[in-house]
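One structure below.
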Amino acid sequence: MSTESKLVFDPSKIKSVKNFEVYQYWEKQRGNRLMPARADLDPADLRHLLPNILIHEVQLEPLDFRYRLIGSEIVRHLNDNHTGAWLSTIPHQKNPSNLWAMLEKAVVDRAPVIANPPYVGQYKEFKYIENILLPLSVDDEKVNMLFLCVDFLTDKKESA
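In this text, residue positions in the sequence shown follow this note's numbering: the first is -6, and each later residue adds one.
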């Protein structure tokens, strides 16, 4: 299976400078593989973006997602910290939800996903969220983690 034919993600759709940087890093770490492994990521390389980083552990059978790491900027905006929790136990996040569907798409497609949900947090100057979900795999076949960058935008026209 060709990596190029499987990866149909369009990076030109990324609006956030932060998300574009994380995507470029993921691409570099991926190399010729379908997706990199968690071990390929060095937090020191993205130190300035760590507040916007989120990592989900993926359980395939039955499908579920555990919050492994939630950056401080994400916690600040959402006013909650679900580190260690499974999505299936969180109201409004468990299946069926838009968040669950977005995460499931990244796992099934084994490719990046971008989403722009409206911002519903406490800081009224922000209007949108841009999430980029990047799959990780230890065997380059099954997704075992999702690497996300979450950026909070004041305008949908903000661009990379």
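Ideal Cβ positions, reconstructed from N, Cα and C, are used throughout, including at glycine.
Out of 3, 68, 22, 12, the CA that lies nearest to the CA of residue 116 is found in 68. A direct Cα-to-Cα measurement between residue 11 and residue 142 gives close to 8 Å. If the five residues before and after residue 44 are omitted, its C-beta is found closer than 6 Å to the C-beta atoms of 64, 65, 66, all from its own chain and listed in chain order.
Judged by DSSP secondary structure, residue 67 falls within the alpha helix (DSSP H) whose first and last residues are 65 to 71.
In the three-state scheme derived from DSSP, where H, G and I count as helix and E and B as strand, residue 45 is classed as helix.
Across the set 127, 110, 126, 20, the C-alpha of 110 shows the shortest separation from the C-alpha of residue 120. Residue 131 and residue 25 have their C-alpha atoms roughly 14 Å apart.
In this structure, DSSP gives residue 37 a helical state, which the three-state scheme calls helix.
Distance from residue 146 to residue 8 at the Cβ level is roughly 7 Å; contact confirmed, criterion being Cβ atoms closer than 8 Å. Under DSSP, the beta-bridge partners assigned to residue 143 are 124. Cβ contact annotation for residue 53 (same chain, cutoff 7 Å, sequence separation greater than five): 135, in chain order.
Non-local C-beta neighbours of residue 118 in its own chain, meaning closer than 6 Å and more than five positions away in sequence, comprise 147, ordered along the chain.
The straight-line gap separating the alpha-carbon atoms of residue 39 and residue 84 is approximately 31 Å.
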